[in-house]
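If you count by numbering that gives the first Met the number 0, then the sequence shown holds residues 0 to 1103, one letter each, in order. Working notes for the structure below.
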Amino acid sequence: MSLIRSGFLVLISFCTLLSQTSYYPNQILFDIRPQASALQIGSLSKDGVLVKNNQALNNLLKAIGAVKVERWLTSADETDVIDGVDLSKIYRVRLSNSYKPEELNDFIHQLKQISDVQFGSLEYKHMVTAARYIPNDPDLSRQWYMDKIMAPEAWALWGDSIPGSREILVGVVDSGFDYLHPDLQDVLYVNPGEDVDGDGQITAVDSNNVDDDGNGYVDDFHGWDFVGANKDIGQQPDNDVRPPQAGEGAGLSHGTHVAGVIAAQTDNNIGMSSISYRAKILVTKHAYDNALQYPFYIIDGYSGILYCAKMGADVINCSWGGTGGYSFYEKYVIKQASTTYGSIVVCAAGNDASNNDNKPHYPSDFEQSIAVAALSSGDERASFSNYGEVIDISAPGVGVYSTIHANAGSYASWSGTSMASPVVAGSFALLKAWYPDSSRDWLVDRLLSTADDIDNRNASYAGKLGSGRVNVYNAIASGFLPDLRIKDYVFINEGTEISSGLKPGDTVDVRVQIENNPLWRSAREVTVTLHAVEGKAGLIDSIAVIGDVASGDTLSNLSDEISLFILEDAVYEPIRIPVTVTAVTEDGAPYQKEQEIKVQLSLEADGFPAGGENINVPIALEDITDDGQKEIIAIEDNYYCTVIETDGSVLSGFPVSTGGYTTAPPIVADVDADGQPEIVIMDRSGLLRIFDSSGNMEKEIDTDERVYGNIAAANLDNDDDLEIIFGTMGREVHVIKPDSTGLAGFPYSVGGTIRYGIALADFTGDGIVELVFGSSDKKLHVITAQGDSVPGFPLDLPSRTIQTPVIGTTGEELQIYFVTNDDTLYQVSATGTVNWKYGLNTSVNAPLALEDVDNDGSLDVAVVCSDGTIHLVNSDGQAKNGFPYPVNEPISTSPVFADLNNDGLMEIALSSQTGYLYVLKAEGMMYPNFPALLDDQLNGSSAINDLDDDDRLEIATGGSNGVHLSKFTDTQGSNSYWMTAYGNNARTSNYSDGVTGLQRGEREKIASEFEVYQNYPNPFNPQTTIEYRIARPADVRLDIFNIVGERIVSVMETGLQPGRHAYVWNGANSNGRPVSSGLYVYKISIRMKNGQSFSTVKKMLLLK
């Protein structure tokens, strides 16, 4: 709870602030010059005068309607003179009526015309603001803020002694204090000046109604109630600082809650612990006894501050304050308490969520005050907390658990800067207990300078939350201990620093940099010891000597390396290696600190993750720039399409806008027959956009239809271009040409919505594909390009289909695979016969996938279910051995397949929302070193391909942090087809089309019409001839690579005619420099006019 004005009011922070002035409209303050006599105050009702010894002043006061004059600071005396102001000669004038500020200032101006009057001021209100509280059982574990400020570590510094000190006195200037609370009964200060018999207890002998210590307050044993029950109606101040029963959440509990944070009894088997551990509390009460609910004002709080300071308080907590006016009288009180009496005045910064630099808040913003802002448990600025460059320090202030004045022994969790302030006050008390002879300024500098930096958690408030979050352990320990930390560490292999992630089986040297905080003490004989992690990492040499590290220095084990090895079967995830740093302190005592370093086992390529945020749509991989390397095409944040190069950079011209929210994966194909692939995107409102490889939008077509499923591309009319096919929530199938015209017979209407995509395959043998899809009226459709149903369809089903159907071949027959919302997987023949059904027992989360996983000549269908199981079902409807495989975590991505290690069997790859990339073997076992943790939420289906033509596959996966690219080290196999969602980049969901969208028969036909011959001579020196034959007009590219995959020659021939062609290589690179002897690879890439492509790789040997 933080305070907000002067004359103090308490507000629940979640309530709307009441409309109110920031000053007292019927009160003003003025002071008499130090050399003038103190005023003899009279009473209008008794004496007929307000001031007895100054006639001119008395006349003026009566003229302006004054009804009462009183000392403002009853705790001040003739010794309290600061900057020419005698604090004991400041007076409050109470007026009969209320006035505006300008009218009150006119009265002050009139007063200052009297020779003895020096200054004048409005009297400002100050209020206490409190946030809502949540009652909790008493328990140290509920005091999360203790660990945050490292209080337990600070207590441990006392060793076998009791932490803290009873000699430390903390003043709590607030609403009072429940000294009968079981956790607070032994923490009240006993005024020795009023303890007549000196027994340390208050008994009848002491209660003699005499001001024994001569401070102006009779029998002020524990403090003073400056307002009584209500002094404004004649109920006088007294020595009882305990309010009446306050009730849960009431304002009169405020001071009790504050005091508990600072000094509740600790280690007494009751309730909570306090930060100071065993400091004493001096209490002044400033709330009327009828202030049972928020809001209420704190009255005469500055008298309480001065009283506590003069009583010897080391620390004074003020969890209240106000905006709206500056009073130099108030400033002088804070200055007197701080500079003359050496008290540390700690103040709440306010709960207005405002900048105190623009809207000052007092007393927190006075120069000698310690202004405290509030933080959440994550070190972020609390939403209600004030801020600004005037803030000195921050502290936990949300859900702070402490004592309250309700039923006996009650506790509650409250929020506010009022709760952050006593966290700092208690820290000062504990710091003072360790350094009892240190000055106020030294203690303030120590606590502020050792705070933990929180700017990185508060980017918008950097430099406006003080020196950081209070850390009482740092404040104490920095005076006699070093603070050794791991500043940096690197892994070295054969003298070279390894910049990317390590891999299983690696052995490296570890170089660790140790820094010593410049504010802490020096350390001698520093050593670093790394510890093995079972099942993950071991050490050959685990200890390194650093040497002596002075304050502010940084040293490393440059001459004493540590050798670390990663186990061969370790999985790709971070390994946290425990590190023990030992040393000898300046005093010769042993020092030890436990830390850790993180070894990142990763397949992630350099430059990744890349490409924006929230890649939730399946990815495409394709060489759209014709540079011999495939780019990554991804929909980011559902509104933009980006293209990423293999180095993680974004292709020039991208990202481009999709037009709207997009969930359909992009099509990448040569849809307009210009010889170059286009990117086709459709958002959920039916806006279709076609982009070229430079990001230029070639066409925009607004279909004005809701399209929720994937779109697909195929040639339905035997011309050169491809049509775009999709279903709508408006119960129609659309077929659109790239020029925006529709195909005859379409749109085609059905009886239900088409929530998912359309699969494409030639069922009739006419060379034109048919369209396969489900509708919400529980039908499976197969229609021709003319809009006619194929015999046997539509097929009536017991439940509606979910996900896009997929199509594969068993023998010579096409089969359709799909799932329904009753958790059943179907295989249906080309004539509409249900061949089999397979029960899944739970819903399906992702598109289906097809692959001949174990190379037995028949297809297997993969299904991902919501219970975290992966099913793999063969063409006979039986689960494959090792399946279903239990991943047991949320997965919403489609499986993809590839022969990652050239063993002839397919691996299955898919990713999870918790950041794991899973790779399963055909036998239903995890691939070695997997699952791999990518440390991201992975919602975008992966795609697999050899992006950089090094015969090793990469997996691109979409996540919240962009696209991840995992590079495999094994040589790939050659028989992979379902390598992306929906089977290929045309999204036909047809296994026969392969990854490029070409049907398998067409690929074989192309391969037979183009031939690449072995170079001759081979081996050769210095030149060789590379020949190839093309049967159709085409563009041909020749690339030559060295054995490490570097391209050394690239030649492009466009518009070649059918026939035999040759290229003579002279053994030189593209710069004309001869290359060295060795094995080289040449690759011929052929692209036809319609965009279809084919490539072949061969090897040759140069011997000199």
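All C-beta atoms in this analysis are idealised placements derived from N, C-alpha and C, irrespective of residue type, glycine included. All figures in this text were calculated on a predicted structure; none of them were measured in a lab.
Scanning M728, S651 and S891 for the CA closest to the CA of G685 turns up M728. Exposed is the label assigned to Q785, since fewer than 16 other Cβ atoms lie within 10 Å of its Cβ. Boundaries of the beta strand (DSSP E) harbouring Q594: P589 to Q599, taken from the DSSP string.
Here DSSP, grouped into helix, strand and coil, assigns R754 to coil.
For the 8 angstroms CB-CB criterion, T892 and N820 do not form a contact. Distances from the CA of N357 to each of Y325, A381, Y340 and T338 were compared; the closest alpha carbon is that of Y325. T255 is positioned such that its CB atom lies no closer than 8 angstroms to that of H125. With a contact defined as Cβ atoms closer than 8 angstroms, A582 and R510 miss out at about 19 angstroms. In this structure, L904 lies near N854, with their beta-carbon atoms less than 8 angstroms apart.
Closest in alpha carbon position to G807, among G791, P797 and E850, is E850. Spatial neighbours of A461 in its own chain (CB-CB distance under 6 angstroms, excluding positions within 5 residues in sequence) are listed in chain order as D454. When the Cα atoms are used, F220 and S302 turn out to be separated by approximately 17 angstroms. In the structure shown, E102 falls within a helical segment according to DSSP collapsed to helix, strand and coil. Looking at H870, P1018, S656 and V616, the one whose alpha-carbon comes closest to that of A955 is V616. M728 is bridged by DSSP to nothing; it lacks a bridge partner.
Around the Cβ of E193, a 10 Å sphere holds 16 or more other Cβ atoms; the residue is buried. Contact between the segment 1029 to 1049 and the segment 1069 to 1081 is present, with at least three C-beta pairs closer than 8 angstroms. In this structure, DSSP gives E152 a helical state, which the three-state scheme calls helix. Excluding the 5 residues flanking it on each side, N52 has same chain C-beta neighbours closer than 7 angstroms at S36, L38 and Q39, in chain order. If you keep only unbroken beta strand (DSSP E) runs of at least 3 residues inside the segment 594 to 657, you get 619 to 621, 630 to 635 and 639 to 643. In this structure, A450 lies away from I390, with their beta-carbon atoms at least 8 angstroms apart. Restricting attention to beta strand (DSSP E) runs no shorter than 3 residues, the segment 892 to 980 encloses them at 895 to 897, 906 to 910, 915 to 919, 939 to 944, 953 to 958 and 961 to 966, ordered along the chain. Scanning its chain for C-beta atoms nearer than 8 angstroms, with the 5 sequence neighbours on each side dropped, one finds around A712 the residues I666, A668, V670, V679, L721, E722, I723, I724, A985, R986, T987 and G996, in chain order.
For A474, DSSP records no beta bridge to any residue. Secondary structure in the segment 682 to 745: the beta strand (DSSP E) runs of 3 residues or longer, each lying completely within the stretch, are 686 to 690, 696 to 701, 711 to 713, 722 to 726 and 731 to 735 in chain order.
Between I539 and S562, the beta carbon gap of about 4 angstroms places them in contact (Cβ cut-off 8 angstroms). In the DSSP assignment, the residues bridged to Q826 are Y816 and W835. In summary, L813 is buried, with 16 or more beta-carbon neighbours lying within 10 Å of its beta-carbon over all protein chains present. In the three-state scheme derived from DSSP, where H, G and I count as helix and E and B as strand, K1098 is classed as strand. Under DSSP, N354 forms a beta bridge with Y386. Per the DSSP secondary-structure output, M1051 pairs in a beta bridge with R1036. For G1071, the number of other beta carbons within 10 angstroms of its own is below 16, and it is reported as exposed. For C307, the enclosing alpha helix (DSSP H) begins and ends at G300 to K309. No Cβ-Cβ contact shorter than 8 angstroms links D787 with G750. For P573, the pairing in a beta bridge is given by DSSP as Q599. When only Cα atoms are considered, T832 and K966 end up about 43 angstroms apart.
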